[in-house]
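In what follows, a single structure is set out as structure tokens and then discussed.
Chains as they are written, first to last, in my numbering: chain Z, 1 to 104; chain D, 1001 to 1749.
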């Protein structure tokens, strides 16, 4: 019988990461990009928790890290949305293709 | 002979005010140099000559005080010294600016100050119409200062400053009318010829200094060859004091030199006799090189040529510098170093023979000159020759005595000629004179007295000095060649005959007969506004005639200090007076001859003077005799040779002058072609290397730098596209990079 092991979690984490990367890279909507970033962070969380459970269950290092990441993600989302609002006020759009002031 | 004194070491009394004697003329010169032109403009010429003559009077007074102080002392106390400051010090050698008076330099100082003073007074009349009055008196005062430094300097260094100073002043005064090219040339000639002599002086001094160096070993002062050793041994390492307490070793000080050389007990004289340099006795070398210096200053063969040309200067200058004082510096030098010359028969012989040959040679040139000052110039050269006979044969006092009498009578003659020249409106040619006895009685009588003096009649001093010299020459035994003294005597006697002849010739041509100046007047006199050209000759102002009378009187009165021993039974006063200063005097041997012989020679002396006078009288009195013209026509070639001074100037011009110029041309050619060629070659070489260097810099170094810059610019142009501003693109880049990194990790692993 096939039991659920570490590789399964890693595959889920990898899939989440890939989806996040694709979202970040392909989306032109700034809010979409922020959502992709959330996916990537959560992919990392899956990995932390899975490794903690299967490699060193006696301690809670991975769990603690994932808590940190969640806190960080919340802060990041707040800052990111504030930036998006600022961009919107400046450019009247949140399309990242339009906001190319750093070009050359 | 009487007791020889002061052959041992002499000690000098310190007399702190001697420096005043040369100081006053220096101050006078300074005032006239710095403010003379302004003074002349503001207060007139009187102020200029008041300063100059005032300085001379003060100097004379101090000299008189020194003289009488010296007279009041005993013979061994007649050495005065005054050290003003130390000029330099090097090891044991100390050179002071100091003044030293012994009877010899006292005599010179008295002659210089007094003759200078009367000539200053004379110049007031003679130069009255001179625009650059202050300049003349500046040079005259400076000359007196230099001359006093020369005679009073306590060492060779001080003396040499004076020696060069008088040469400089001579240049300035001969060239007083420097706008005239001939006069400027004469000044230059005098200066250059003097420099040649000065070189000899310096060389002689170096050899003397060198030969005194030594070290103390085995209780004796032994010579040490070369100066390097001397430099090593400084004051501390050897007690260079002879048992008698005399300091030994190189010195420039006359008294120290005299003490170690003249005092036989130090062994220095013995040592110097034994030394030689390049195989020649060192004493002869010293004597001869010093004498070369003397020939330059005192116009002896071969360096006499400047003196006749020096007559281009104003007549008071000729009288002061070129007759009475400066030209006697050489005689003074030899007399000052009598203790050195007395040790070397060779040097003595050279001096005496040169003197004799010069005396005769220049006397013959004087025979046929028409320029009155040229006659006197050659006469001066001739009389200086007599002085050198005196100091050469070892009769130092007689040489100095003749120096003194000559200073009086020749100054009188020159000033008389100046008076004549003024009387004739700046005419110097005796053919255009004549008959002046009527117009210028005082000048005539003083000139006659001086002629009698120089010719050697026993009523005036010239007889005593010249006769003593010739007598000493006849009896001399200290010379290197036996019998040479008698030869010198004969040459000297003939020269004395010539002297009498040409002097009375000049007298008769000038003062007897009729005045010839009004016919075709207009010679080459310098063009100052003398007021009454072509008029009657006139007597000179009283400032000039008084001076003439004073000098004529001195010429006669100077006899009394030189009356010969044969007459009085005692040594002449002058000899006795000079004795402390001439330690070698008693040591030079002379033959003993009876008084009858001496009377005979005195008779010969008077005889030649009479003969010269009678011939001159026969030929030239009143300018009536036709004999001179006939003789001149008969001996045309010989006459031309003598009249043209044996073409010596031309010979010098063809050899020495042209030689120097040719040497200069060769040096110029070498400079132009070889030195400049080398320099130019190296310049060209440097420039070529520079070109190559520039090319490398331009194409290689700059090329590399530019290539790097171009590559950077190109790279930037390409890479700037990456900077799109599209966040997605950046993320793509980051992702791609990460993937590549992972792949690389795998591959390398």
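Note that the Cβ used here is the ideal one computed from N, Cα and C, for glycine as well. This one's a predicted model, so the numbers in the text were calculated from it and none came from an experiment.
Strictly below 7 Å CB to CB, what residues from chain D border residue i?
i, result
"residue 103 of chain Z", "1723, 1724, 1725"
Using a C-beta cutoff of 8 Å, does residue i count as contacting chain Z?
i, result
"residue 1741 of chain D", "no"
"residue 1706 of chain D", "no"
"residue 1745 of chain D", "no"
"residue 1690 of chain D", "no"
"residue 1749 of chain D", "no"
Determine the chain Z residues that contact residue i at a beta-carbon separation under 7 Å, and present them in chain order.
i, result
"residue 1731 of chain D", "24, 25"
Output, in chain order, the set of chain Z residues within a Cβ distance shorter than 8 Å of residue i.
i, result
"residue 1735 of chain D", "21, 25"
Counting along the chain, where does the alpha helix (DSSP H) carrying residue i start and finish?
i, result
"residue 1053 of chain D", "1045–1071"
"residue 88 of chain Z", "61–91"
"residue 1656 of chain D", "Taken as a continuous stretch (DSSP letters only), residue 1656 of chain D belongs to no alpha helix (DSSP H), as it is neither H nor E."
"residue 1681 of chain D", "1676–1696"
"residue 98 of chain Z", "It is not in any alpha helix (DSSP H) - residue 98 of chain Z carries neither H nor E in the DSSP assignment."
"residue 1708 of chain D", "1702–1719"
"residue 1486 of chain D", "1484–1511"
"residue 1813 of chain D", "Nothing about residue 1813 of chain D can be reported from this structure: the residues present for chain D run from 1001 to 1749 only."
"residue 53 of chain Z", "30–55"
"residue 1146 of chain D", "1133–1152"
"residue 1271 of chain D", "1268–1274"
"residue 1260 of chain D", "1254–1262"
"residue 1745 of chain D", "1727–1748"
"residue 1159 of chain D", "1156–1174"
"residue 1295 of chain D", "1282–1297"
"residue 1449 of chain D", "1441–1455"
"residue 1472 of chain D", "1461–1475"
"residue 12 of chain Z", "6–26"
"residue 1724 of chain D", "Neither: residue 1724 of chain D is in no alpha helix (DSSP H) and is coded neither H nor E."
"residue 1432 of chain D", "Neither: residue 1432 of chain D is in no alpha helix (DSSP H) and is coded neither H nor E."
"residue 1008 of chain D", "Per DSSP, residue 1008 of chain D belongs to no alpha helix (DSSP H) and is neither H nor E."
"residue 1645 of chain D", "Here residue 1645 of chain D belongs to no alpha helix (DSSP H), and DSSP marks it neither H nor E."
"residue 1328 of chain D", "Run containing residue 1328 of chain D: none; DSSP gives neither H nor E here."
"residue 1412 of chain D", "1396–1423"
"residue 1315 of chain D", "1315–1319"
Considering just the uninterrupted stretch of the beta strand (DSSP E) at residue i, what are its terminal residues?
i, result
"residue 1083 of chain D", "1080–1090"
"residue 1094 of chain D", "1093–1101"
Which residues in chain D have a C-beta closer than 8 Å to the C-beta of residue i? List them in chain order.
i, result
"residue 96 of chain Z", "1726, 1727, 1728"
So that I know if they touch, is there some Cβ in chain D lying closer than 8 Å to that of residue i?
i, result
"residue 100 of chain Z", "yes"
"residue 51 of chain Z", "no"
Spell out whether any CB of chain A is found under 8 Å from the CB atom of residue i.
i, result
"residue 1075 of chain D", "Going by chain labels, chain A is absent from the structure shown, which instead holds the protein chains Z and D."
**Request:** Mind listing, in chain order, the continuous beta strand (DSSP E) runs of no fewer than 3 residues lying wholly within the segment 1334–1393 of chain D?
**Result:** none
**Prompt:** Considering only residues of the segment 1566–1631 of chain D, which uninterrupted alpha helix (DSSP H) runs meet the minimum length of 4 residues and lie entirely inside it, listed in chain order?
**Reply:** 1573–1578, 1595–1620
**Asked** Counting only runs that start and end within the segment 1183–1219 of chain D, where is the beta strand (DSSP E) found for 3 or more residues in a row?
**Response** 1214–1217
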